[in-house]
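Data block below; observations after.
2 protein chains.
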Amino acid sequence: MLIGEYIHTIDEKNRVSVPFKFRKELGKKIIITPGLGQCLFIFTTKEWEKVSKKLSDADNDLSFLKADQRDFNRYMFGRAAEVEIDSIGRILIPEFLQEGIKLRDKAAIIGVKDRVEVWNEKAWGEQKEKVARSAEELAEKLGSTSKHA
Amino acid sequence: MLIGEYIHTIDEKNRVSVPFKFRKELGKKIIITPGLGQCLFIFTTKEWEKVSKKLSDADNDLSFLKADQRDFNRYMFGRAAEVEIDSIGRILIPEFLQEGIKLRDKAAIIGVKDRVEVWNEKAWGEQKEKVARSAEELAEKLGSTSKHA
DNA sequence: ATACCAAGTGGGAAAAAGTGGGAAATAATA
DNA sequence: TATTATTTCCCACTTTTTCCCACTTGGTAT
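Chains R and S, in that order, are what the protein sequence lines are. Note that the first sequence covers residues 7 to 155 in our numbering. Note that the second sequence covers residues 7 to 155 in our numbering.
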């Protein structure tokens, strides 16, 4: 499972190290897409197949208008990139994806179960702060699930 | 059962000894997450499987389409860490987890039946004091709602 | 009282992960 | 085709993490 937070440098050649702990699970080839929220999504090729099938399925249960769905799919598919992890564990993030989330210098790389998210470090800090305000409420859910040991 | 209170040192390398009495029950690999209140939760991997399944909406492959669900998953998974207990019984607590509860120097490690909590020593002292003050009152309430208090 | 054992703590050395940059290969342009 | 720009590959450096050994402390048994 992909979990945890890592702060890595994005260098002048647009390279970022994939956290060592993510490499095995991600495999050699990954898909990077614009994310929802101020971030990028990284999927394994396998996960991407699932996700893209669902997204493009006209019969899915998403309450999208057809036109909305087309727009959304253009956004996701049109800017998705297949990227290889190099021999020492780095990936190259296309500039057109960096621009959208103002990625530079430091990136926060976050494991969120089945996907990885890439954030501008500062934006990630703000996101955490935002959610921290409702954290107690969220944590209540966690606390209640742990009762069934 | 995980019970008792231990005060252990957290050293410059972010290491803490797991109380000897907890080691067998916890196993080799554990999951640490932000907890409820000013503390961290430690789960066995088995318990975490259960908890994480409940946290993410397992029936919805596209849970990332909903903003609330996204924030929630980021909070839970992004701030969780899988950690190994080393050959002499210590764990490494990631700095991003320490920050949230201001962990340094001394940690209070508390067994709470089927999970372990990690507190800043001082915060734990205050927590105990707070609860002690209202303990009689609590006991009174509990006693009046249940015959087996 | 003293010696012994077990749990916890501290620190140095080795290994691993992350970063930066140069050279070779490829592509782009004139 | 020559020249320049861009990308890829590889090597080397730095920092962090891990592993291992030894010390300390406190409890226990003789």
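The beta carbon of each residue, even a glycine, is placed where N, CA and C say it ideally should be. Given the structure is predicted, the values throughout are model-derived calculations rather than measurements.
In chain order, what residues of the same chain lie with their CB nearer than 6 Å to the CB of residue i, ignoring the 5 residues before and after it?
i             : result
residue 61/S  : 82
residue 87/S  : 38, 100
residue 51/R  : 35
residue 106/S : 40
residue 136/R : none
residue 234/S : Outside the modelled stretch of chain S, which goes from 7 to 155, sits residue 234/S, for which no answer is possible.
residue 152/R : Summary for residue 152/R: the model assigns pLDDT 47, below 50, so the residue's position carries little reliability; its value from the coordinates is reported in the next sentence. Taken in chain order, the list of residues that qualify is empty.
residue 121/R : 47, 49
residue 108/S : 126
For residue i, go through chain R and note every residue whose CB falls closer than 9 Å to its CB, in chain order.
i            : result
residue 88/S : 7, 9, 10, 27
Is the CB-CB distance between residue i and residue j below 8 Å?
i             : j             : result
residue 91/R  : residue 36/R  : yes
residue 25/S  : residue 103/S : no
residue 48/R  : residue 80/S  : no
residue 8/S   : residue 31/S  : yes
residue 118/R : residue 84/S  : yes
Residues in the same chain with beta-carbon distance under 8 Å from residue i, minus the five sequence neighbours each way, listed in chain order, please.
i             : result
residue 111/S : 15, 16, 127
residue 78/S  : 61
residue 133/S : 43, 44, 125
residue 20/R  : 98, 99, 100, 101, 104
Keeping to the same chain, check which residues put their C-beta closer than 7 Å to that of residue i; ignore five residues upstream and five downstream.
i             : result
residue 29/S  : 91, 95
residue 114/R : 11, 13, 125, 127, 130
residue 23/S  : 14, 95, 96
residue 54/S  : 37
residue 27/S  : 10
residue 93/R  : none
residue 143/R : none
Just to confirm the assignment, what range does the beta strand (DSSP E) spanning residue i have?
i             : result
residue 123/R : 121-126
residue 88/R  : 87-90
residue 8/S   : 8-16
residue 22/R  : 21-23
Using a Cβ cut-off of 7 Å, pull out every chain S residue sitting near residue i, in sequence order please.
i             : result
residue 116/R : 80, 84
Please list the partners that residue i has in chain R, where partner means a Cβ-to-Cβ separation under 7 Å.
i            : result
residue 96/S : Chain R residues near residue 96/S: none, gap ~19 Å exceeds 7 Å.
Below 9 Å on C-beta distance, what does residue i contact in chain S?
i             : result
residue 112/R : Near residue 112/R there are no residues of chain S at all, since even the closest Cβ is about 14 Å away, more than 9 Å.
residue 137/R : 77, 78, 80, 81
Applying a beta-carbon distance threshold of less than 8 Å, which residues of chain S neighbour residue i?
i             : result
residue 42/R  : 70, 71, 73, 76
residue 119/R : 58, 62, 79, 83
residue 124/R : Going along chain S, no residue has its Cβ under 8 Å from residue 124/R, so there is no contact; the nearest lies around 12 Å.
Just to confirm the assignment, what range does the alpha helix (DSSP H) spanning residue i have?
i             : result
residue 97/S  : Where residue 97/S is concerned, there is no enclosing alpha helix (DSSP H), although the beta strand (DSSP E) it sits in stretches over 96-98.
residue 80/S  : 73-84
residue 103/R : 101-107
Please determine whether the Cβ atom of residue i lies at a distance below 7 Å from any heavy atom of the ligand HEM.
i            : result
residue 18/S : Looking for the ligand HEM in the displayed structure turns up nothing, as the structure carries no ligands at all.
What runs of the beta strand (DSSP E), each 3 residues or longer, lie entirely inside the stretch 31-71 of chain S? For the stretch 31-71 of chain S, the continuous beta strand (DSSP E) assignments of 3+ residues that do not extend past its boundaries occur at 35-40, 45-50, in sequence order.
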